[in-house]
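Trainee:
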Amino acid sequence: MATQNKGHHVKINNHPTVYIQQKSEEQVFSQKFTQLSITTNNQQPTAMKDIVGEIKQIPDYLSKRNESYKQIINQIISTTANLATSNKTKEELRQISILIYKIMVIQIYNSLWTTYLKSGTGQLIIQSKEQLNCLTNLHIWPKEIKTIITQKSIKMNATNENEIYMNFISNKLHELDNQLKQYQAELNQKINSFYGYTLKLQQLIETYIQQNMSSFRMEIEHKIELIHYDYYIQALKLEYYRHDPNVYQKNIMKQLCSSKYEQELTKQEFDLLQQQINYYNSPCQSFECSSLSQSELINSIQDSNIRQELFNQYKTIAVQSRLDIFNLYMKSAKSQMDECKKKFDANMKKLWHDQHSSSDNEKLSALMINLIEQRCNKIGDRIRYSKMNSNNINSTNDQQVPTNVQRKKCHGNRRDQRFRRKCRVKGMKPKIIEKLLMKRKQVENQNHNNTKHTNMQKIQSNKQTTDINNSSKPTTINPNKRKRDVSSQDLKLNSTLVRSTNTSQPLSKKIKEKNKTTTNSSMQNDNNTNKRKYRRPMYLKRLLPRFFKRISKILNYSLKDKVTRDFLIARLELLDEQYCLTVDQQLWQSYVNIGIEHQIWPNQLYNMAKTTDFELCQQYVIKYIKDIEHEHNLCQMKLREQSQLCSITTLPLDRIDSHMKKIVQNERHYLSLRNNEQLSKFKDDLHEQQLFETISQYRLTFDQNEYLNQLMSIRNEQGKIWEEYLVLHMRILCNFLPLKFNELENFTSPTIYTPKIQNKLAIQVNNDRIKIIKETKRIWLNIAFYAYEVKLQEYDHQYQSIWFELKSRLFNDTTVNGNVIFNHFNEYMTSQTNKLKSDIRHNLTSYRHILLENRQRSVSSKNTIRVSPEPYLDLLENPFNEPEWNYLCLGPSFIRLNQSAIRTVDQQKSEIKNEHKDITKKVESHLIKHYHIPWKSRALTDYSNEVFDHFNQCYFTPLSCKEQIEVLEQAQKTTSIRQKIKKYGLILRLTDKSNNFYIGSASEFEKKAEKFFQETNAFMEISINPFNQIQDQVIQLLNRLRSKRLILQRQYNEMMPDRKNSELAHLYFNPKTHKDEIPVRPIESTIHSSTRNISQFLDKIIRPIFDDKCASTTIID
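All residue numbers for the sequence shown refer to the numbering used here, where the first residue is 639 and numbers rise by one.
1) Going by beta carbon distance, what residues of the same chain come within less than 8 Å of Tyr952, once the five residues before and after it are set aside?
2) According to DSSP, is Asn965 helix, strand or coil?
3) Within a Cβ cutoff of 6 Å, which residues of the same chain sit near Glu902, ignoring the five residues on either side of it in sequence?
4) Would you say the segment 964 to 972 touches the segment 849 to 862, given that touching needs at least three Cβ pairs under 8 Å?
5) Report, in whole angstroms, the separation of the C-beta atoms of Lys1321 and Ile1232, which I expect to be a contact under 8 Å.
6) With distance defined between alpha-carbon atoms, name the residue in Cys1748, Glu1215 and Tyr1258 nearest to Leu1272.
7) Determine, using beta-carbon pairs with one atom in the segment 863 to 880 and one in the segment 742 to 759, whether at least three such pairs fall under 8 Å.
8) Put Asp815 into one of helix, strand or coil per three-state DSSP.
9) Can you tell me whether DSSP reads Leu1511 as helix, strand or coil?
10) Kindly give me the distance between the Cβ atoms of Ser1538 and Glu1549, rounded to whole angstroms, as I take these residues to be in contact under 8 Å.
11) Using a Cβ-Cβ cutoff of less than 8 Å, which residues in the same chain neighbour Val1672 once the five nearest sequence positions on both sides are dropped?
12) Under 8 Å by Cβ, that's how I've got Ile1478 and Leu1364 pegged, so tell me the actual separation to the nearest angstrom.
13) Enumerated in chain order, which unbroken segments of the alpha helix (DSSP H) with a length of 4 residues or greater are wholly contained in the segment 1560 to 1599?
14) I need the boundaries of the beta strand (DSSP E) containing Arg1627, first residue and last residue.
15) Comparing alpha-carbon positions, which option in Tyr1391, Ile1540, Met891 and Tyr1336 lies nearest Cys1014?
16) If you run the structure through DSSP and keep just helix, strand and coil, what is Ile778?
17) On the criterion of 16 or more Cβ atoms from any shown chain inside 10 Å, does Phe1442 qualify as buried, or is it exposed?
18) Under a Cβ-count criterion, where at least 16 other Cβ atoms within 10 Å of its own Cβ denotes burial, should Gly1623 be classed as buried or exposed?
19) Could you check if Asn889 is buried or exposed, using at least 16 other CB atoms within 10 Å of its CB as the buried criterion?
20) One question on the structure: do Leu1535 and Glu1601 come within less than 8 Å of each other, judged by their Cβ atoms?
21) Alpha carbon to alpha carbon, how far is Gln893 from Tyr878?
22) Identify every residue that forms a DSSP beta bridge with Glu1326.
23) What are the boundary residues of the alpha helix (DSSP H) that includes Tyr1437?
24) What residues are listed by DSSP as bridge partners for Glu1722?
25) With a Cβ-Cβ cutoff of 8 Å, do Ile1401 and Leu1513 count as a contact?
26) In the structure shown, what three-state DSSP assignment does Thr1113 receive?
27) Rounded to whole angstroms, what is the Cα-Cα separation between Asn1455 and Gln1436?
28) In angstroms with no decimal places, state the Cα-to-Cα distance between Ile1010 and Leu874.
29) In the DSSP assignment, find the unbroken beta strand (DSSP E) run with Phe1635 in it and report its ends.
30) Put Ser933 into one of helix, strand or coil per three-state DSSP.
31) Hey, quick one: how far does the alpha helix (DSSP H) through Asp1204 stretch, first residue to last?
32) Starting from the N-terminal side, write out each stretch of the beta strand (DSSP E) that is 3 residues or longer and does not extend beyond the segment 1649 to 1709.
33) By DSSP, does Pro1144 sit in helix, in strand, or in coil?
34) Hey, would you say Ala956 sits closer than 8 Å to Thr1392, going by beta carbons?
35) Measuring only the C-alpha atoms, how far is Gln1617 from Glu1607?
36) When you compare the CB positions of Gln1223 and His1270, do they come within less than 8 Å of one another, or not?
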């Protein structure tokens, strides 16, 4: 059979012997060799889809905007007669150039796939000067083709494997040939229709494209040459196996080839690392040439000495950290290179030793040794070639940069995709996710329809009346609209009394009426009282099953009937709405009482009422309260109507409502806290308004006004610095540092080295690198915090200086009462400062949510190294997902919240009993011993009962929805971490000094313990359990001492071991992660041993004597 492609005839001989690559160590070599190729480092083998994409993409050097291409076109037009200089002519030449480019790409790919075919058909080896002792017509299919076939999940066996490979490559070559003919026909058609086209013109275009395609051509040639190397290596192995080697001879060949591969690989890696480090140490890659060379924060410091000192620290730590990481890389690469060289030399030494000492059957023949030598040489040549050509390809600057790269398609709504992603992270099943998504869409559609209906009613009402209460014309923004309206956000912050940013002056920026929106329910003016909507709480969304279980337990009544459950859900929602209306009404009534008492309203309320008259504003607020009261009455009427539909006949409805109201109050308790904050803010705004009016009554001079403006300006600037300072703290807690720290990590630790041999040294290098980067970022954070403190002090000095000048002018002015005015100024500035701090705290609360959302969406931030402490991972890969890892990062001192809440009632009662017994026993013994309270005193009984009641109240008080979710999530994370530790054979230990977790392989940790036993000989492993013998000896000793009256009965009881709680003393180990190779520290656990009570008794006697004799002495000369 023969196949024709690109004018070449490739004859395929049906050789009687077809070698199919066996699943042996050669697959490992293929995987390792793949890592060396510059074109296959992070890519899959070139399939037809990749080829089609490469052909369709137009390179940058053929784009209309490319300057070099414009010059070529202008040169062609100027040197060719009868060619017009119109845009149409230039575009026709560009289309011809693109077709020539596509033809060249197909021809290059054709050579690659033809090489694949020759390798599989035994036609790849050509006669060369080098003599190879192997067959030249072996059928060896390249690993790239096998990978493609495996990815397509094509079923193969030993009989049809060769046929599948053959058909696959032949089809690809046929497709390339058809595409080549198609583009050639299009090119001929365009050439024939182009007036003035000459062969010289075509040569200019081809030369330009070939020059720019040199990198791509070198890449394909590099692949082809690697196919030849792989073929030779595999052919030598098959030739070696043709001599029927025994098990020893096979193993020695595997060991030598593997160690040779590792030796050459680490040597080339060491040389490449040296070149890369020399490049990064060049002036063009220095700190001064990086984006880190300037720091706006440090440059803004006024004191030149402090500024220069901080900048020197800022620069020194970055440069020194980079040097430390480079030294770490070089040390690791050299260590691996030396280790692999020793390993290869040891294997060679063992080979020649066995050749002289083994029997004739075990010895290798001269031909077999020659084959091993040739194979090792080929392995080394392949690695050296791969490294040399990869450098050449990387150094070429004519890479193809496509201009029409297609954007990644997003299938479906992006908002829905983010929701599904979050649910999958939480471990939800696909069916549950789709149900939640459907419910979410239904609620959004309902809210959207209600919004439209409300807007139409508001528009109609605004046409009929011009009353002050409905003149604000509020509209709402489409909730499904993705683009944010900044003006709407600004108005949202200024539509609530508690979030007013300036109560002394109106907003300076006018906002269009059509963009206004009012989102806060406590300040919303809605004439249609039936359409007031409160946000549906979390406990009505996520924890309804737990609600039924909880209310069923309280009422001692089964709630499995669907009708009963639906009734309770509807009634719970009405009770929730009623509670929200009640709290809202109380808040606004407090507003009225305070406003009438002080006869003043905040400026923001005047703005909402669209009037400056006190009475009209009061009418506005009273009307608003009446609207809330009307809604409250409607809700009460719905509750009465629904009570007639109650299907529960064995329980009074009042009892059910009482318990449900308690649940609502417990879940909505945060509304009361928020109202208290709003009320406090309302009072502060009124006080500030009064102070402003008081100061306005004084006829201040121009200088006095200027001083006040300067003081406020300094406070505002100081507030910005303080906010940035707190935001940086918040970023640390959220693990989302500014971009400057990511640039610092890229500068100090560029991705130039990863240990090729993944062993313990690779783990140590990675952990040391993380440690260096952590320390560098922490020092930079300390520098930043110190710079913020310096700037705050500078602004404070400026403030105090101006404040002193103002005070001096007021006291020296005899025409006014300077002391009174100064006190009012001081009170006003204190109020403004407190308001500024309050606004900053409020902004930080919302900013935290923004940071967490941005970090969740950011891909780069998840790959950066944190500054917060993390567990020491003594593994090559992290088996834990992000939520589990974040939970482990909390450290061993973290205590899970409300652990007893998810336990059964019996377990909770048992825990209460044990804790009550423990605390009452300790307190009673202390009171009896030191204060001589009688054992049967009524006070001790009352105390015991109060403690017991307190424990019952703490344990059985129901948790809120948010607390329940946190408890369940933490319990799930703990369970999944335990399962993974058990599944992967890991060990979780407390580190020796860093008070953090150590996660490593259990088997490796046991080896560390065995190594400690061998090196120290301080402990001996026992084969029998001597616990009973030790305990009997202790008891016999105490009995003997008591019988001889050497100890008192009280001392006898105090030293007697507890038979139930005693256990054998044991030994465990903590890893020393701060030392190389992570040795272990032995810890003896004797807290429950039989001799524990005796040691405590002796310690009470000996400790005072020891402290007295070893007390510190101060000598004064």
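Note that the Cβ used here is the ideal one computed from N, Cα and C, for glycine as well.
Please read all numbers here as calculations on a predicted model, not as lab measurements.
Mentor: The structure says:
1) Ser933, Ile936, Trp1418 and Ile1421
2) helix
3) So the list reads Gly1018 and Ile1021, once near-sequence residues are dropped.
4) Touching, no, given that fewer than three Cβ pairs across the two stretches are closer than 8 Å.
5) 6 Å
6) Glu1215
7) By the Cβ test, the segment 863 to 880 is in contact with the segment 742 to 759, since at least three Cβ pairs between them sit closer than 8 Å.
8) helix
9) strand
10) Contact flag correct, Cβ pair sits at about 6 Å.
11) Leaving aside the five residues that flank Val1672 on each side, the residues in its chain whose CB is nearer than 8 Å to its CB run, in chain order, Pro1695, Ser1728, Thr1729 and Ile1732.
12) 7 Å
13) 1576 to 1594
14) Leu1624 to Leu1628
15) Closest option to Cys1014, Cα to Cα, is Met891.
16) coil
17) exposed
18) exposed
19) exposed
20) yes
21) 14 Å
22) Per DSSP, none; premise fails for Glu1326.
23) In this chain, the alpha helix (DSSP H) harbouring Tyr1437 covers Lys1398 to Asn1450.
24) Beta-bridge pairing links Glu1722 to Leu1705.
25) The answer is yes: Cβ separation under 8 Å.
26) The predicted position of Thr1113 is uncertain, since its pLDDT is 38 and thus under 50; a value taken from the coordinates is nonetheless stated next. Thr1113: coil per DSSP, three-state reduction.
27) 26 Å
28) 8 Å
29) Its beta strand (DSSP E) spans residues Phe1635 to Ser1639.
30) coil
31) Lys1200 to His1236
32) 1704 to 1709
33) Residue confidence for Pro1144 is low, a pLDDT of 37 falling below 50, so the modelled location carries little weight; the figure read from the coordinates is stated next. Three-state DSSP puts Pro1144 in coil, outside helix and strand.
34) no
35) 15 Å
36) Yes; because the gap between Cβ atoms is below 8 Å, this pair is in contact.
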